[in-house]
Amino acid sequence: MTAERRVANWLGLGLFALLGVAAVAPLFLIIGDVYIKGIDAINRLGGLWHFLTELPPSPFDEKGGIGPMLVGTLYMTALGALLGVAVGFPLGVYIGEMRREKFTNVARAGVNVLVEFPTITIGLFMYAIMSLAKEDLNEWVMKPLSHVLKAAFGDWVSWFIGPLDGYNAYAGAAALAIIMIPYVALVTASAYASIEQPLREAAYDIGGREFNALFVVLRKAVSRAVITATLLGTAKIAGETAPLLFTAFGNFYYAPFTGPTGAVTLWVWYAAQTPYDVQIASAYGAAAVLLTIILIIFITARIKR
Amino acid sequence: MSRVMNPKILGVIAAVVIIVVVAVLLTLPGGTPPPAAAQTPAATPTSPQTPRSLSGALTGGGSTFVAPQMFAWSKKFYDVTEGRIQLNYQSIGSGAGTAQFLEKKLDFGASDVPMPKDRFDKVAGRFIQFPVIIGSIVLVYNVPELAYEKTGKYLNLTSEVISLIYMGEIKQWCDERIKALNPGVADKLPCRDIVAAHRSDGSGTTAAFTLYLSLAYPQWNRTVGWGFTVKWPADEKAKGLGAKGNEGVAQAVLQNAYSIGYIEYAYWAKNRDKYDKVGGVALIRNDNDGKFYFPTAENVAMGAGAGLERYVKKYGSNPAPDADWNPVSIEFTNPPRGYPILSFVYVFLWKDYSAEGYGDAATKAALLKEFFKWVLTEGQKPENVVEGYIPLPREVAELGLKALELVKP
Amino acid sequence: MLGLVLVVLFIPYLIAAYGLLFVKLRWGLRLFGVFIVVTIGLLVAMFLVEAYPILARDGVAVFLRTDWDPVRESYGVLQALVGTVLTSAVAIALAMPMAVGVAVTINEILPARWRGLFGSLVDLTATMPTVIYGLWGLFVLGPLLQGLVNALAGGVVMASPYTLFTAGVLLAIMISPYAAAVIREGYALVPKPVEEAIYAVGATKFEAVLIKLRYIRNYILGGFFLALGRAMGETVAVAMVVGGNFARLTTNLFESGITISSLIALQFPNAAAYQYMVPALFAAALLLALFGLVINAVAIYIIQRWQV
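Chains as they are written, first to last, in this note's numbering: chain A, 1 to 305; chain B, 306 to 714; chain C, 715 to 1022.
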């Protein structure tokens, strides 16, 4: 090996390492900042359990929490992620596997464009649909459904199913799902597109039916990427604010999901911009909690594999 | 089942989450859901409504400025009613709040400006508006040579000078016109470019500020005008700086030497010592009585009372709750006495909720009247007013109480 | 009824599409493609309907003007488009090398024990509420960049901490985890035989890295588009640091500016108070969508030629 190549080796790898560190240093700084301020805030505002269940602090309060908002975020993110993966995954397979067809290119272009839409417009879109659909939806679907379910399971059903207000958790979850779909689809498509021909042919040979080939035999090859896609998409929508403004609206009290629902991000959005210390502190605490939840989901998912 | 693993994992996680959510909700005190105001009449108490038996949830939205105060009121009211009445208010912007109220998506709207004329004409007579709290706007500046800590003095400014700064006509701190107003520190004024900080987002603060400049200095009205967002000539002709939110402008002034900016009173009051280190806050001259006023709650309340007086003198009676309040707002702005830059937060309510098509209208109207009655009486007491807001003078609060009587039933 | 139809038909559609997967796979998959195209069509249709008033009044002038004067109801969105292009370009130019750097660092340079942790932390930042990024940009990054740029240039090049450049750098930090996640996956999936072959011919580690990167160029491209989309659509964080200069066109990176997404985020809450502002904002969204389509078309064309 010549000296040039050796020098190039060290310089090149060094450059990559430097770039990697440069990418990550600010991220670590921000995370560190959030956790330091957040943990301090949670302690001052009443301790972890209190913080996770209590109502948020007004400028007069010394203690408070993010209870209602946490519940709202968990619910809407779970629903949104479920729907996002349910649609995004097959969509990704379509774009990645069936690249020959013309329509696939249309779909892929569409997904690339959808990724870049300002998320506030997705929220407005859901708002428009909700406005159009609310009356009839309540008449024909929600009221009968809730009567049936309440008779079967009891009154607590009305926390979840019932006549919908103009603002409700389901509109918020739908908006989040639309935002998540392109992320899941694009990463899944990359995964499927990168399977080399020999492997694919082998899979078809073994699998017999196309369904088996694509989903059963190849699953080891793509599951890592797909799980990454899901996690990334879930993380993204858990941190979204703008699409929830006109769909879920926000709520600082515990209330049924059929009405305005709170979200941790909405609280951070509001509280970080007031001049009142107790609210600013709770914003950092809320951000720290959000990060931790996602971290737990990430770790569980990666361990389970 | 032979499917790929990941939907399963996510399904499991989602199921866990939903179970946790249900568990939490069920263990809350009073595990049965509160009768949400929009549900079927079966939830309405059938006995004649007395305050003790009223319960439900209200939804309002609008002005970002009033949000902390509204939330404080909401929480105190929640305590006062022992958890029976939940008032959910979100800051979606005065314009959005007005629009959503008119679309019947909100039970009430809150706005930094009265209902605009074109919209008022469409719904005249069907709704009422009244002020609930007062805010005031201060001019902070960052000029290290003139820091309050150093000189012990704050700058004097007038509407004319402020207008000319934001119009890009006065470009440097050592301008003669600024010197003329501040003879005591005239020699210390540096010949540096002024950086005029303003809002980049649409804002009620900007609306109140530019309305004041429009009324006090007609030249401003001719060139720029007033509104939630305006085109600032300083951006083109001199040095302008756009920042998001009151906190953005507050930060911008703290971080940029030789800058000036307009922010809500609370954002200055909370950081007073920081501003004193790099500059300070300006005393503003009231063009009507010629005195320079320092921003304090008393001076602002003086202005509010004087404004109402002027309206009554001009129009002969108090403003009617279902009238167009734009002329009222003009009389409140740049008042005859007191600190001249103030803003009101107006609340919109329908007169007849059942005619407007709201579900469960009787309960809703009763809840709203309860809440706002409390806001206009108890809510104005010092222990219930958040720092940075100024309570309504007695006469102005009375307007609101009278207005509430028009809400059926 | 239209709304009800849209919402109610959605569930059976999904069930049918899933069912078809088991019976006739290809048709089932196509249904999902159709679904997304219809959704996007509806979105763009909504933009058109909402933007109609200002298009009727001004025609395409709204896309070519650079004005924003609500008092006189005069709106133009060209300056926002230019801002989007500039900030996205800066963001991508900085983020792609960093993302590749992260992928290489994780897979080649770090010892095995640290990989998982490092990787998870990078992913985690994708979750950070964008408001926190905005606040960090407001308090830390903006002044830092201002000091740095002015020091390097030896004069006052950046008059304000909040400029298009600040927004671009902040965006780069925000989007690199997305590109990095995609590229990392691809990198880890390089088959063993291929890797062994590369080392068998005597490549140094650095040369091996370069070859592998070329091998996974599909993933890099995927990461590129994901990151680009994210950059163009980012609203809140950009809104806090971009400077809010929307009445003037500026091509100088070191001046305050505005992007389409942040324009909508900043102005929408109070837009309803004006007659033509909401249509103008939707016209801006329409412009962004069109621009995205154009970029896609160009990219696909280039790729076709490159891969042939």
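Quick reminder that beta carbons are idealized off the backbone N, C-alpha and C, glycines included.
So which residues on chain A does residue i lean against when the C-beta distance must stay under 8 angstroms?
i	result
B:G693	P275
C:F939	N112, V115 and L186
On a CA-only basis, which of the options is nearest residue i? Give me that one, please.
i	options	result
A:I66	A:I299, A:R44, A:E54 and A:L74	A:E54
B:W679	B:G366, B:G440 and B:I390	B:I390
B:M420	B:L462, B:V650 and B:K618	B:V650
C:F920	C:T819, C:V719, C:I729 and C:A794	C:T819
A:Q273	C:F982, C:G833, C:A1013 and C:M954	C:M954
C:A941	C:G742, C:G861, C:L884 and C:A826	C:L884
C:Y892	C:Q989, C:R944 and C:K738	C:R944
C:R771	C:A987, C:A895, C:I1017 and C:A994	C:A994
A:R6	C:G916, C:G947, C:V952 and C:L967	C:G916
B:E692	B:G361, B:N526, B:G532 and B:A372	B:A372
C:P843	A:T241, A:V21, A:Y183 and A:P26	A:T241
B:I439	B:E465, B:T638 and B:K713	B:T638
B:V583	B:Y453, B:A429 and B:I483	B:Y453
Look at the alpha carbon of residue i and the alpha carbon of residue j, and state the distance between them as a whole number of angstroms.
i	j	result
C:L796	C:T964	It should be pointed out that residue 796 of chain C corresponds to Val in this sequence rather than to Leu. Rounded to whole angstroms, C:V796 to C:T964 spans 8 angstroms at the Cα level.
B:Q477	B:N447	13 angstroms
A:Y192	A:A203	13 angstroms
C:E764	C:V992	8 angstroms
A:G32	C:M810	24 angstroms
B:Q344	B:L613	Confidence in B:Q344 is poor, its pLDDT being 35 and thus under 50, which makes the residue's placement unreliable; the coordinate value appears in the next sentence. Approximately 41 angstroms between the Cα atoms of the pair.
C:A817	C:T973	30 angstroms
C:L1002	A:F117	8 angstroms
B:S585	B:A628	It is worth fixing the name first, because residue 585 of chain B is Gly in this sequence and not Ser. Cα to Cα, B:G585 sits roughly 40 angstroms from B:A628.
B:E450	B:K493	6 angstroms
B:P338	A:W156	Because B:P338 carries a pLDDT of 41, less than 50, the predicted location of this residue cannot be relied on, and the following value inherits that uncertainty. Cα to Cα, the separation comes out at about 7 angstroms.
C:V737	A:V222	22 angstroms
B:A606	A:L74	45 angstroms
A:T230	C:R898	15 angstroms
B:N526	C:A979	27 angstroms
B:T351	B:L359	Model confidence at B:T351 stands at a pLDDT of 35, short of 50, so the residue's coordinates are unreliable; what they give is reported in the following sentence. Cα-Cα distance, rounded: 11 angstroms.
A:M98	C:R827	38 angstroms
B:A348	B:T668	Reliability of the predicted coordinates at B:A348 is poor, the pLDDT of 37 falling under 50, and no value is obtained from them.
B:R278	B:A543	Here chain B covers residues 306 to 714 and nothing more, so residue 278 of chain B does not appear.
A:A109	A:G154	47 angstroms
B:G729	B:A485	Summary: the structure shown does not reach residue 729 of chain B, with chain B confined to residues 306 through 714, and so no result is reported for it.
Just to make sure I have the definition right: I need the residues of chain A whose C-beta is within less than 7 angstroms of the C-beta of residue i. Which are they?
i	result
C:I754	G110, V113 and L114
C:A730	Near C:A730 there are no residues of chain A at all, since even the closest Cβ is about 12 angstroms away, more than 7 angstroms.
C:L849	A272
B:Y572	P275
Determine the chain B residues that contact residue i at a beta-carbon separation under 7 angstroms, and present them in chain order.
i	result
A:E252	The sequence given here places Phe at residue 252 of chain A; Glu does not occur at that position. What A:F252 touches in chain B: F376 and N393.
C:L885	Ordered by position in chain B, no residue passes the 7 angstroms Cβ test against C:L885, which lies about 16 angstroms from the chain.
A:Y270	A372 and S396
Give the residues of chain B in contact with residue i, contact being defined as C-beta atoms less than 8 angstroms apart.
i	result
A:P260	T364, N393 and Q395
C:F853	Q556
Please list the partners that residue i has in chain C, where partner means a Cβ-to-Cβ separation under 7 angstroms.
i	result
B:S648	Those do not exist, as B:S648 stays about 14 angstroms from chain C at its closest Cβ, beyond 7 angstroms.
A:D205	Residues of chain C passing the Cβ test: none, with the nearest at roughly 16 angstroms.
B:D540	N959, A961 and R962
Under 8 angstroms between beta-carbons, which chain C residues line up against residue i? List them in chain order, please.
i	result
B:L520	Here the premise fails: no neighbours, minimum Cβ distance about 15 angstroms.
Mind pulling the chain B residues with CB within less than 9 angstroms of residue i?
i	result
A:F60	A377, K380, K381, E688, N689 and V691
C:S970	S505, D540, G545, L546 and G547
Along chain C, in chain order, which residues have C-beta atoms closer than 9 angstroms to that of residue i?
i	result
A:V106	G747 and V751
Could you check whether the Cβ of residue i sits closer than 7 angstroms to any heavy atom belonging to the ligand HEM?
i	result
C:S834	Absent from the structure shown: the ligand HEM. Ligands present: none.
Taking C-beta pairs closer than 9 angstroms, name the residues in chain A that residue i reaches, listed in chain order.
i	result
B:Y567	Going along chain A, no residue has its Cβ under 9 angstroms from B:Y567, so there is no contact; the nearest lies around 15 angstroms.
Mind listing, in chain order, the continuous beta strand (DSSP E) runs of no fewer than 3 residues lying wholly within the stretch 408–446 of chain B?
Listed in chain order, the beta strand (DSSP E) runs fully inside the stretch 408–446 of chain B are 413–416, counting runs of at least 3 residues.
Taking a Cβ distance cut-off of 7 angstroms, strictly less, list which residues of the stretch 223–250 of chain A are near chain B, in chain order.
For the stretch 223–250 of chain A, the residues whose beta carbon sits under 7 angstroms from a beta carbon of chain B are, in order, S223, V226, I227, T230, L245, F249 and G250.
What residues in the stretch 593–613 of chain B bring their beta carbon closer than 9 angstroms to a beta carbon of chain C?
For the stretch 593–613 of chain B, there are no residues whose beta carbon sits under 9 angstroms from a beta carbon of chain C.
Could you list the residues in the stretch 156–183 of chain A with a C-beta less than 8 angstroms from some C-beta on chain C, going in chain order?
Look at the stretch 156–183 of chain A: the residues with a C-beta under 8 angstroms from a C-beta of chain C are I178, I181, P182 and Y183.
Scan the stretch 133–144 of chain A for residues whose Cβ lies nearer than 9 angstroms to a Cβ of chain C and list them as they occur along the chain.
For the stretch 133–144 of chain A, which is checked against every Cβ of chain C, the residues closer than 9 angstroms are A133, K134, E135, D136, L137, E139, W140 and V141.
Going along the stretch 284–297 of chain A in order, which residues come within less than 9 angstroms of chain B, judged by CB to CB distance?
When C-beta distances to chain B are compared with 9 angstroms, the residues of the stretch 284–297 of chain A below that value are I297, in chain order.
For the stretch 779–810 of chain C, list every residue whose C-beta sits within 7 angstroms of some C-beta in chain A, in sequence order.
Considering only beta carbons, no part of the stretch 779–810 of chain C lies closer than 7 angstroms to chain A.
For the stretch 980–991 of chain C, which residues have a CB atom closer than 7 angstroms to at least one CB atom of chain B, in sequence order?
Taking 7 angstroms as the Cβ-Cβ cut-off against chain B, the residues of the stretch 980–991 of chain C that qualify are L980, Q981, P983, N984, A985, A986 and A987.
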